[in-house]
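Residue numbers (the working numbering), protein chains in the order written: chain L, 2 to 614; chain F, 25 to 369.
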């Protein structure tokens with residue numbers, strides 16, 4: 002007799018799926034996330050995979066993971082540490098055990114714990130049997146053999162059958178966290194619509210996993226996580242890269258300009274090019290260029306010709322585009338450059354996240370070359386910041402760099418979808434009057450006219466050589482050069498009057514302000530919320546505009562005795578804050594290729610405040 | 025200004041294409057001839073309105089060209105003119121996009137963009153000012169400098185094997201490849217018109233004399249006394265003959281060319297290879313491109329090859345139209361609200 006299983010309520014859980022990079026862990030994780038999102042939980046995800054497509058099976062460096070933090074409250078991070086580890090092989094345990102909570106749950110695929118895999122994972126003895134996992138709740142489940150058993154009557158090859166094991170694991174997790182399988186079944190049907198045998202096999206494997214949970218005596222408890230209190234509206238789950246692509250598309254629609262993307266594939270930015278390649282019926286032109294330089298220079302050509310111009314890349318690509326950024330700045334053409342930051346320097350950690358391109362974005366060019374730099378703070382925020390990047394580029398006739406990062410790009414969260422009519426219009430006008438036209442005339446914000454080829458009477462020449470102000474002819478005049486340098490600088494500074502003030506969360510003045518920028522928003526928010534819940538007085542501000550900064554930035558910073566700046570670099574924003582305002586920022590830096598752990602920031606906050614509440 | 029008054033188009037002249045900028049090339053530079061031929065030719069390009077012409081360049085002496093043409097112009101950065109021009113053309117296929125570039129700009133730092141522009145057949149007209157030297161940096165060997173050439177960076181003679189630009193363009197699948205010379209204005213004008221009429225990537229290699237750093241580099245083939253014997257004007261459907269008395273020709277046996285002299289009695293004009301600009305096979309054009317490998321052969325001038333292939337800019341536009349016809353015009357609201365959505369009440 003199977004005992005009735007107990008149903009326990011939880012407010013939040015962090016689950017990590019881990020296995021070989023060919024085991025389908027990303028798919029399993031994203032399916033679990035999508036189902037969880039639709040159930041109304043708030044969530045945040047962290048895909049964590051190797052740069053190799055199919056690293057050698059069974060090895061530690063070949064482990065691919067997907068972490069998901071969901072709950073009935075606001076969720077800001079993918080979770081510092083997992084409560085549950087689903088381990089498809091020994092290497093998954095070896096690699097992920099340090100990231101598993103003490104007393105956490107391990108669901109292990111015992112079939113994969115053979116001599117060969119144990120050796121590859123550098124285990125002398127089987128950790129499931131040698132008491133090395135004492136202190137964890139270990140659930141040994143023969144996932145592979147049960148999948149094979151469940152699919153005994155299918156016509157698939159043995160290899161294809163064993164590939165369905167991730168769906169078995171997914172089914173078991175659905176049972177454990179009391180989630181329905183329907184949505185994934187629909188997804189399977191759609192995904193394999195031309196291969197009915199796979200629809201059958203994957204669905205069966207998942208249901209077998211679900212039923213195993215129901216019928217086994219191994220699990221006595223299953224869990225329930227109520228829906229979160231989210232604002233009313235229609236939601237979807239969105240990753241940063243998809244949000245970025247949609248934001249660019251929205252900017253095209255709202256400006257009435259056709260989007261032109263010149264780009265070269267690079268991890269983790271490639272998906273933006275992939276998404277935008279789909280929207281041909283919006284008039285979007287995507288050019289997969291021969292290299293990074295052609296990506297940006299073709300976009301500059303497109304901007305000159307009157308398109309809404311975009312180039313997308315990641316760190317090393319931004320380095321290659323540096324010279325062309327100077328050209329875009331000099332010719333004062335609207336252009337958006339999106340840098341999905343990854344671990345650097347050089348090739349670095351292509352699939353990991355980092356915030357170490359801030360100084361490159363701000364300063365990485367020859368000559369006096371100020372650029373507008375803005376940054377997204379969450380996956381869905383990428384949508385709005387992409388639109389904002391274009392708004393600024395069009396209004397101020399200049400290149401704008403939007404920084405996102407690997408974590409934002411691949412991580413996902415529920416997004417309350419905005420209606421098109423709620424989005425800002427991006428008014429654009431091309432110059433047409435030939436009697437008043439001068440290529441470097443200035444309007445009230447110092448923007449120059451945009452006169453596109455094809456307009457009679459406005460034939461003019463621009464380029465990288467210094468130009469005389471107003472007339473735009475080549476000029477080597479010393480005073481003109483000084484004036485133009487100041488004009489280009491002032492134009493960027495003028496943006497400060499056009500962007501929102503920096504907001505403070507918490508007390509408006511006091512002992513400690515935690516200042517962040519970019520993708521660390523979630524980790525910092527969670528740390529600050531926990532401290533405040535414990536009665537610690539700490540405030541938070543998050544910079545989305547790095548150049549120029551909001552006009553009240555200095556005032557905000559000076560309202561606090563201490564300013565703590567956590568960053569996934571060695572203190573790049575801290576350096577800028579000190580240089581700009583002579584404010585002695587306290588740094589917190591960890592450059593591990595992973596999001597900051599909110600627990601670490603929390604400790605630092607408590608430490609700064611002398612350990613006192 | 026009223027738009028509804030019909031204005032009769034006035035034919036433009038060379039002067040209409042000149043800007044108010046002083047031309048700053050060295051006195052005697054071959055670039056002056058190129059500018060003059062372009063300005064003389066452009067009024068005859070009746071299908072192209074002045075406001076639809078864009079000149080794009082990179083860096084080098086040649087790349088100052090856009091400043092002297094009263095059209096839309098973009099003076100880019102070193103080597104990147106083909107990529108910038110690609111963006112202009114892809115963005116607005118209605119424009120006539122021309123690139124002014126040099127041997128260093130196009131074949132060294134910009135080599136990658138050049139071969140891909142050829143391959144993709146972007147509808148650009150590329151004028152390569154080939155003077156076999158770096159001029160603006162004051163005399164270093166270039167990727168077309170002859171082996172052994174002594175320059176500031178090769179005082180003991182260059183050890184680099186040079187590119188043959190025509191062969192490179194053919195190998196990169198360019199659909200129009202021609203060669204002309206600064207000293208032959210009429211021929212250059214013909215080549216410019218033919219390139220303007222071509223739909224696709226057109227390369228014209230223009231042999232151009234640098235009076236300061238490589239003066240006379242083409243004298244051996246272009247001086248009055250030698251040019252009849254050293255230049256081979258290739259024309260469609262005509263036998264490849266040359267020489268003061270038109271008594272020499274190119275014969276090809278076993279895919280190997282040789283120079284024959286009709287006066288020697290063994291060969292006649294009937295043995296001479298007849299040129300076919302539109303030959304589907306690149307073999308003939310490639311063979312002609314490589315005549316210059318040996319000093320006994322004349323240098324071919326004219327159109328090596330012109331073939332028809334869809335352009336990237338045209339295909340890009342066509343795909344947009346086809347997908348729009350299939351899916352209907354894009355609806356942002358629909359895209360935003362697509363996929364797995366759920367309601368929170």
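Note that CB positions come from ideal geometry on N, CA and C, so glycine has one too.
- For the segment 101 to 115 of chain F, the beta-carbon criterion of a distance under 7 Å to any beta-carbon of chain L is satisfied by 101, 104, 107, 108, 109, 110, 111, 112, 114, 115.
- DSSP places residue 242 of chain L in the helix class (H, G or I) of the three-state scheme.
- Chain L has a Cβ within less than 8 Å of the Cβ of residue 343 of chain F.
- Here residue 229 of chain F carries a strand assignment [DSSP, helix/strand/coil].
- Using a Cβ-Cβ cut-off of 8 Å, residue 63 of chain F does not count as an interface residue toward chain L, since no Cβ of chain L sits closer than that to its own.
- Flagged as an interface residue toward chain F: residue 282 of chain L, by a C-beta distance shorter than 8 Å.
- Our two residues, residue 223 of chain F and residue 335 of chain F, have alpha carbons roughly 7 Å apart in a direct line.
- Residue 261 of chain L is bridged by DSSP to L/286, L/310.
- At least one C-beta of chain F is nearer than 8 Å to the C-beta of residue 184 of chain L.
- In this structure, residue 378 of chain L and residue 543 of chain L form a Cβ contact; the two beta carbons are roughly 6 Å apart against a cut-off of 8 Å.
- Neighbourhood of residue 300 of chain L in chain F, by CB distance below 8 Å: 111, in chain order.
- When Cβ-Cβ separations below 8 Å define contact, residue 464 of chain L makes contact with chain F.
- The residue from L/296, L/497, L/409 with its alpha-carbon nearest to that of residue 522 of chain L is L/409.
- Using a CB distance cut-off of 8 Å, residue 262 of chain L does not count as an interface residue toward chain F.
- Close to residue 455 of chain L, with beta-carbon spacing below 7 Å, are these residues of chain F in chain order: 75, 76, 116, 118, 119.
- Residues of the same chain with a CB within less than 7 Å of the CB of residue 156 of chain L, apart from the 5 flanking positions on each side, are 198 in chain order.
- Residue state for residue 237 of chain L is assigned as strand, using DSSP reduced to three classes.
- Chain L places no beta carbon closer than 8 Å to that of residue 47 of chain F, leaving this residue out of the contacts.
- Only 306, 307, 308, 310 from the segment 306 to 317 of chain L bring a Cβ to less than 8 Å from some Cβ of chain F.
- Residue 180 of chain L does not reach chain F, its nearest Cβ partner there being about 13 Å away, counting only Cβ pairs nearer than 7 Å.
- Taking 8 Å as the CB threshold, residue 223 of chain F stays off the interface with chain L.
- In the DSSP assignment, residue 91 of chain L falls within the alpha helix (DSSP H) that extends over 91 to 97.
- Collapsing the DSSP output to three states places residue 188 of chain L in a helix.
- Closest in C-alpha terms to residue 353 of chain L, from the list L/297, L/289, L/49, comes L/49.
- At a cut-off of 8 Å between C-beta atoms, residue 366 of chain F counts as an interface residue with respect to chain L.
- Closest in C-alpha terms to residue 151 of chain L, from the list L/205, L/141, L/164, comes L/205.
- Judged by DSSP in its simplified three-state form, residue 117 of chain F adopts coil rather than helix or strand.
- For residue 589 of chain L, the enclosing beta strand (DSSP E) covers residues 587 to 590.
- Counting along the chain, residue 492 of chain L sits inside the alpha helix (DSSP H) bounded by residues 479 to 495.
- Those residues of the segment 41 to 58 of chain L placed with their C-beta closer than 7 Å to a C-beta in chain F are 41, ordered along the chain.
- With contact defined as three or more Cβ pairs closer than 8 Å, the segment 97 to 117 of chain L and the segment 10 to 20 of chain L are in contact.
- Rounded to whole angstroms, the separation of the alpha carbons of residue 347 of chain F and residue 363 of chain F is 20 Å.
- Of L/539, L/525, L/583, L/582, the smallest CA-CA separation from residue 601 of chain L is found for L/525.
- At least one C-beta of chain L is nearer than 8 Å to the C-beta of residue 94 of chain F.
- Per the coordinates, the alpha-carbon of residue 342 of chain F lies some 15 Å from the alpha-carbon of residue 145 of chain F.
- The three-state reading of DSSP puts residue 167 of chain L in helix, counting H, G and I together.
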